[in-house]
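Let me begin by presenting the structure, written as structure tokens, before commenting on it.
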Amino acid sequence: MEQTKQKLRTENIGAGLLYFYIHFVTEVLCFFMLESFIGDSVTLYLVVFAYDMLAFVPQGLLGYFADRHRAFPLAIVGLALMSAALAVYRLWTAAAALPVSLVLLCIGNCCTHINGAEVTLRASKGKLSHSAIFVSGGSFGVISGKLLAAAEFPWWILPLLAASAVPFAVLAQYYIPKNSSDTLCACDGFSYRNKKIGGAAVILLAAAVVAVRGYIGYGIPTAWNKTTIQTVFLYVAMGIGKALGGIVTDCIGIRRTATLSSLLALPFLLCGNQLMGISLIGVLLFSMTMPITLALIVSAIPKEPGLAFGLTTLGLFIGTAPIFFFKFASFEAGCIIIGALTLLCTAALYVICEKGREKQ
Amino acid sequence: MTWFVLSEPTRLLSAAAVGLLVIGAVFLLLFAVLAVLTASALKREKKDAAE
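Chains as they are written, first to last, in this note's numbering: chain A, 1 to 360; chain B, 1001 to 1051.
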């Protein structure tokens, strides 16, 4: 018991909590806006596809920049850009308002995400709870943004919400270690990968797992999800799962968490098509692998946490892009594909994760 | 004088095709840059480990 308490006692956990809120606000703004865009079906289809690409793919480039300019207040710039996007779309009547606001929104989204990853990974001293708590805030933001848009919430309150996150971003900036003379000071303690496997192979396999998880995430059978409150439960389970992924890894080790959560999730996901409780347990377990793949990529390039985070989001785009073109033909086909891909991902994670017990 | 106009399905299809082509081209460009940056980061990591 005392040992578990010791493992959970983490320095700088405040960075994760501050970024939980900033991430929450970011997703509220993004999904409020995405749900508010007006246009024909082709335009809306392209808007969502372009959002996925412009919000996910450039994060690597921005991460590369952030790794070299740690003092740059990216989160504040991001919050300002997203507020500007909202104002441009609502106040500018020209046809260019939609593409301009979409680009501003996506760049703003990239900025807050990269800053969150940069701060939480550097401040955590090798623990995973910090970045997992930061990542989990997004799920709560996505559903809140969608609900606010559906309720036709006044848009001008959203920039005020963004402003409320600025003090959080300022405070979080103090968590970045400044005592190193090395511009690219490493994320100390991130050694979650199997050292016998090359760094490039770890990055490729971890990114592939992210892509597969992104793809099957949209195909999880959830016939039970018919009401708003059920959708809220779904996103809450995702958020809690992401945070738990990091916390459990800090307690029982990365390989155990990765294999157990993936394998245990499978029966719950496949049997929970009509049963909300069963399905939510599956979604929670399934979401736990999210911070694990981030930890693996950071372990391969510990001096570049921003770039590492960007590679996970690149994998996410590659995984979600096919959803725009292909869907599972039937429930049975979905179950077989989800089962096979989950087993493959579990095997890949087992191979690339560090063998040792928990992090100290 | 206009002789032909695009039918509604063709107009929608061509709009989607052009949009997807632009998005695809931007993606490939960003992907290539990220691949180069990652390769150089891995190379630096290997060099540091050797030292």
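Where is the CB? At the ideal position from N, CA and C, for every residue including glycine.
- Residues of the region 1032 to 1048 of chain B with a C-beta less than 9 Å from any C-beta of chain A: Val1033, Leu1034, Leu1037, Thr1038, Ala1039, Ala1041, Leu1042, Arg1044, Glu1045, Lys1046 and Asp1048, listed in chain order.
- When Cβ-Cβ separations below 8 Å define contact, Val1005 (chain B) makes no contact with chain A.
- Under DSSP, Cys30 (chain A) shares a beta bridge with no residue.
- If you draw a straight line from the Cα of Phe324 (chain A) to the Cα of Asp1048 (chain B), it is about 42 Å long.
- Within 9 Å of the CB of Leu17 (chain A), no CB atom of chain B is found; the nearest one sits about 29 Å away.
- Taking 8 Å as the threshold, the shortest C-beta distance from Leu1028 (chain B) to chain A does not fall below it.
- If the five residues before and after Gly39 (chain A) are omitted, its C-beta is found closer than 8 Å to the C-beta atoms of Val47 and Leu98, all from its own chain and listed in chain order.
- For Cys353 (chain A), DSSP records a beta bridge to A:Arg193.
- DSSP places Lys1046 (chain B) in the uninterrupted alpha helix (DSSP H) bounded by Glu1008 to Ala1050.
- Exposure of Val1022 (chain B) is indicated by the presence of fewer than 16 other C-beta atoms within 10 angstroms of its C-beta.
- Listed in chain order, the positions of the region 302 to 321 of chain A with a beta carbon within less than 8 Å of a beta carbon of chain B are Pro302, Lys303, Glu304, Leu307, Gly310, Leu311, Leu314 and Phe317.
- Taking a contact to require three or more Cβ pairs closer than 8 Å, the region 27 to 36 of chain A and the region 137 to 155 of chain A qualify as touching.
- Neighbours of Val42 (chain A) in chain B, taken as residues at a C-beta separation under 7 Å, are given in chain order as Leu1012, Ala1015 and Ala1016.
- Using a Cβ distance threshold of 8 Å, Ile297 (chain A) and Ala206 (chain A) count as a contacting pair.
- Within its own chain, the residues whose Cβ lies closer than 6 Å to the Cβ of Phe190 (chain A), once the five positions on either side in sequence are excluded, are Gly126, Val298, Ser299 and Pro302, listed in chain order.
- In the structure shown, the three-state DSSP call for Met276 (chain A) is helix.
- Counting along the chain, Leu264 (chain A) sits inside the alpha helix (DSSP H) bounded by residues Ile254 to Cys271.
- Of the residues assessed, Ser279 (chain A) falls on the buried side of the cut-off, its CB having 16 or more other CB atoms within 10 angstroms.
- Annotation for Ala94 (chain A): no alpha helix (DSSP H) segment contains it, and DSSP assigns it neither H nor E.
- Using a Cβ-Cβ cut-off of 9 Å, Tyr21 (chain A) is close to nothing in chain B; its nearest Cβ partner there is about 29 Å away.
- By the Cβ neighbour-count rule, Arg1011 (chain B) is exposed, with fewer than 16 other Cβ atoms within 10 Å of its own.
- In the structure shown, Asn115 (chain A) adopts helical secondary structure according to DSSP, grouped into three states.
- Per DSSP, Ala71 (chain A) lies in no alpha helix (DSSP H) and is assigned neither H nor E.
- Under the three-state reduction of DSSP, Pro58 (chain A) is assigned to coil, being neither helix nor strand.
- In the same chain as Lys327 (chain A), and ignoring 5 residues on each side of it, the C-beta atoms closer than 8 Å to its own belong to Gly219, in chain order.
- Put simply, the CB of Phe326 (chain A) is far from chain B, with every gap to its CB atoms at 8 Å or more.
- For Leu61 (chain A), the C-beta contacts it makes with chain B under 8 Å involve Leu1030, Val1033, Leu1034 and Leu1037, in order along the chain.
- Look at Leu128 (chain A) here: in three-state DSSP terms it is coil, with no helix or strand label.
- With a beta-carbon spacing of about 18 Å, Leu81 (chain A) and Gly60 (chain A) fall beyond the 8 Å limit used to define contacts.
- Interface criterion not met: the Cβ of Gly138 (chain A) is under 8 Å from no Cβ in chain B.
- A straight line joining the alpha-carbon of Leu204 (chain A) with that of Tyr174 (chain A) spans about 33 Å.
- The Cβ atoms of Ser262 (chain A) and Thr346 (chain A) lie closer than 8 Å to each other.
- Counting other Cβ atoms within 10 Å of its Cβ, Leu1028 (chain B) stays below 16 and is therefore classed as exposed.
- At the C-beta level, Gly63 (chain A) and Thr26 (chain A) stay beyond 8 Å of one another.
- Residue-level contact check: Phe49 (chain A) touches chain B, since one or more beta carbons of chain B fall below 8 Å from its beta carbon.
- Excluding sequence positions up to five before and after Val170 (chain A), its CB lies within less than 8 Å of the CB of Pro73 and Ile76, all in the same chain and listed in chain order.
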